[in-house]
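Student:
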Amino acid sequence: MDVHVALVLLFIAFTAYSLVSRKLEASVLSGPMLFTALGYGFHLTDATLTSPLDNSVVEFLATATLAIILYRDAANIRISSVMAERATALLSARLLFIGIPLTILAGTAAGMFLFPALGLFGALALAIVLTPTDAALAQPVFGNDGLPEVEREALDVESGLNDGLCLPLLLIALALAADTGGGEGMAGHAAFFLKQVVFGPLVGLAVGYFGAVAADFAFRRAFSNPAGRTPIMVGLAGLAYLGAELAGGNGFLAAFAAGLAFGWRLPAETVEKASNFAMTEGSILTNLTFLLFGAAMLPQALEAPALPALFYAVLSLTVIRIVPVFIAMLGTGTGTRARLFVGWFGPRGLASVLYLILVVDQSGFDVADAITNIAVFTILLSVILHGATAPFAKRTFFPARS
């Protein structure tokens, strides 16, 4: 297929999506689902638009998309109300510090049992790749005011922070697998993890706070016109991410922390107006990333044996996620339906795609292709199942509230 024809089809897809996006949100179809299919269709037609794709293109898009979405979502969290609401803060902490380790342990055990050839570090890397949840795929849930606020806010906080917490763990697992600890052993890996989780948020908080101070000063004095103010979230998200990476911290934690500080410092009305542009950019980049996922990553996975990977994918989206969530929520006073709701809506998406690229790029890691194939099936199944069930979350898990 000629590149011009492929581009015409791509722009038609974005135009059509913008025209019917509201209807799609209430249906079993979603943007990521449709654009993944479109990307795979481009692959089948050997479109010149997708033939030069490599991991660097997908990595850039996934990184930029994730940073913008994390910043935007964090900016719209009223941090004062979350901290004042003890139940939300407690549930968020439990999901992060109990749910994540248990999910990684369960995923590693399942990987070693089903795929012995992966070895310990291969199974560990697979589990970490599929642990973080995707804020982009969960947007229909986060924005549904008919769902319980505590659980929604907790899921939002979890999806914002687990990307940054899991990334240094993955890098450590890959270093251990390749025996590239630099002679520093576990102490060196622990120091690396601490730098990631300390410097990242610190840089992010500074960028978000002083960015908000500058924005407040400029907006009040009308130094910028309304149209010129809207891209500020995208700029600050990129600044926080890159600043943290330069300082040795985690860029995703920085983007989320920057959003929290920005939202805390500015009035809700100002944040909402700035969010509109970031929401549009995030939606475009999300769908484009899933198009490239369908074009560049899905075809290879479909050539591998499907049944074992699909079985692991089902486990990853159900038992491996839901059981740790149930354990993490013990003692919180939540009912079974609420626990199932939180456990089920942990979709895998952008972060997992980005992590897979890091796995593939790891030199000397001979099980990278096997991990990629398994994870791609899990992401694909998540895109389909979570996209199809999100519109029915309220009536499924909380029918009494309908």
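Note that my numbering has the sequence shown beginning at 66, numbered continuously upward.
Built from N, CA and C at the ideal position, the CB exists for glycine as well.
Computed from a prediction, not measured in an experiment: that's the story for all the values here.
For a test of the three-state rule: what should DSSP assign to D228, helix, strand or coil?
Tutor: Three-state DSSP puts D228 in a helix.
Student: Look up T198 in the DSSP assignment and say whether it is helix, strand or coil.
Tutor: Coil at T198, not helix or strand.
Student: In the structure shown, what three-state DSSP assignment does N438 receive?
Tutor: Helix at N438.
Student: Taking 8 Å as the cut-off, is the beta-carbon of A309 closer than that to any non-hydrogen atom of the ligand FAD?
Tutor: Looking for the ligand FAD in the displayed structure turns up nothing, as the structure carries no ligands at all.
Student: Does the distance from the C-beta atom of F394 to that of V379 stay below 9 Å?
Tutor: For the record, residue 394 in the displayed sequence is Met; it is not Phe. Contact: no.
Student: Among the candidates G184, V68, G164, whose CA atom is the shortest distance from the CA of F430?
Tutor: Comparing Cα positions, the closest option is G184.
Student: How would you call H451, buried or exposed, if buried means at least 16 neighbouring beta carbons within 10 angstroms?
Tutor: So H451 counts as buried.
Student: May I ask which residues mark the beginning and end of the alpha helix (DSSP H) holding Q204?
Tutor: Start and end: 204 to 207.
Student: Short check: CB of N341 to CB of T295, under 9 Å?
Tutor: Yes, they are a contact pair.
Student: Tell me whether the segment 191 to 202 and the segment 433 to 450 touch, counting them as touching only if at least three CB pairs, one residue from each stretch, are closer than 8 Å.
Tutor: With the cut-off at 8 Å, the segment 191 to 202 and the segment 433 to 450 touch.
Student: Hey, is the segment 347 to 361 in contact with the segment 89 to 105, meaning 3+ C-beta pairs nearer than 8 Å?
Tutor: At 8 Å Cβ cutoff, the stretches touch.
Student: Using a Cβ-Cβ cut-off of 7 Å (strictly less than) and excluding sequence neighbours within five positions of M98, which residues of its own chain qualify?
Tutor: Closer than 7 Å at Cβ, skipping near neighbours: V448, I449, G452.
Student: Taking the alpha-carbon of A238 as reference, which of A455, V278, A458, Q427 has the nearest alpha-carbon?
Tutor: Minimum Cα distance to A238 is reached at Q427.
Student: Could you give the distance in angstroms between the alpha-carbon of D138 and the alpha-carbon of G328?
Tutor: Using only the alpha carbons, I get a separation of about 10 Å.
Student: Using 10 angstroms around the beta-carbon of P464, count the other beta-carbons present and answer buried if the total reaches 16, otherwise exposed.
Tutor: That one is exposed.
Student: Would you give the residue range spanned by the alpha helix (DSSP H) that V425 belongs to?
Tutor: Per DSSP, V425 belongs to the alpha helix (DSSP H) from 415 to 426.
Student: Is the beta carbon of V268 sitting closer than 9 Å to the one on A309?
Tutor: Yes; because the gap between Cβ atoms is below 9 Å, this pair is in contact.
Student: For I387, report the span of its alpha helix (DSSP H) as first-last.
Tutor: From DSSP, the alpha helix (DSSP H) with I387 extends over 384 to 393.
Student: Here's the rule I'm using: 16 or more other beta-carbon atoms within 10 Å means buried, otherwise exposed. How should V85 be labelled?
Tutor: Exposed is the call here.
Student: Alpha carbon to alpha carbon, how far is E218 from V68?
Tutor: The straight-line gap from Cα to Cα measures roughly 43 Å.
Student: Where A81 and G96 are concerned, what is the direct C-alpha to C-alpha distance, given to the nearest angstrom?
Tutor: Each residue's alpha carbon lies about 11 Å from the other.
Student: Say whether the segment 365 to 385 touches the segment 306 to 322, bearing in mind that this needs 3 or more beta-carbon pairs closer than 8 Å, one atom from each stretch.
Tutor: The segment 365 to 385 is not in contact with the segment 306 to 322.
Student: Skipping 5 residues on each side, what residues in its chain have a beta carbon closer than 7 Å to that of L331?
Tutor: Closer than 7 Å at Cβ, skipping near neighbours: A277, A280, D281.
Student: Express the C-alpha separation of V418 and W409 in angstroms, rounding to a whole number.
Tutor: For W409 and V418, the distance between alpha carbons rounds to 20 Å.
Student: Run the CB neighbour count on G247, radius 10 Å, all protein chains shown included, and call it buried at 16 or more, exposed below.
Tutor: Below a pLDDT of 50, predicted positions are generally treated as unreliable, and G247, at 48, falls in that range; the measurement from the model is reported next regardless. Label assigned to G247: exposed.
Student: Looking at A305 and A319, is the spacing between their C-beta atoms short of 9 Å?
Tutor: Contact flag set, yes.
Student: Would you call E44 buried or exposed, if buried means 16 or more other Cβ atoms sit within 10 Å of its Cβ?
Tutor: As displayed, the chain neither begins before 66 nor continues past 467, which places residue 44 out of reach and without an answer.
Student: For the segment 166 to 181 and the segment 396 to 407, state whether three or more C-beta atom pairs, one from each stretch, are separated by less than 8 Å.
Tutor: Contact between the segment 166 to 181 and the segment 396 to 407 is absent, because fewer than three Cβ pairs lie under 8 Å.
Student: Return yes when the Cβ of S92 is within less than 9 Å of the Cβ of P456, no when it is not.
Tutor: Yes.
Student: If I measure Cβ to Cβ from F355 and keep anything under 6 Å in the same chain, skipping five residues before and after, which residues do I get?
Tutor: For F355, where only same-chain residues beyond five positions count, the Cβ hits under 6 Å are P97, F100, T101.
Student: Can you check which of these residues, L415, F275, A188, is closest to V432 by C-alpha distance?
Tutor: Nearest option by C-alpha distance: A188.
Student: Find the nearest neighbour of H254 within the set P266, G273, L270, L232, judged by alpha-carbon distance.
Tutor: The candidate whose alpha carbon is nearest that of H254 is L232.
Student: Nearest-angstrom Cα distance between N141 and A182?
Tutor: Going from the Cα of N141 to the Cα of A182 covers about 44 Å.
Student: Let me confirm a value: L160 is counted as buried when at least 16 other C-beta atoms fall within 10 Å, else exposed. Which label applies?
Tutor: With 16 or more Cβ atoms within 10 Å of its Cβ, L160 is classed as buried.
Student: Tell me where the alpha helix (DSSP H) around A305 begins and ends.
Tutor: First-last of the alpha helix (DSSP H) with A305: 297 to 311.
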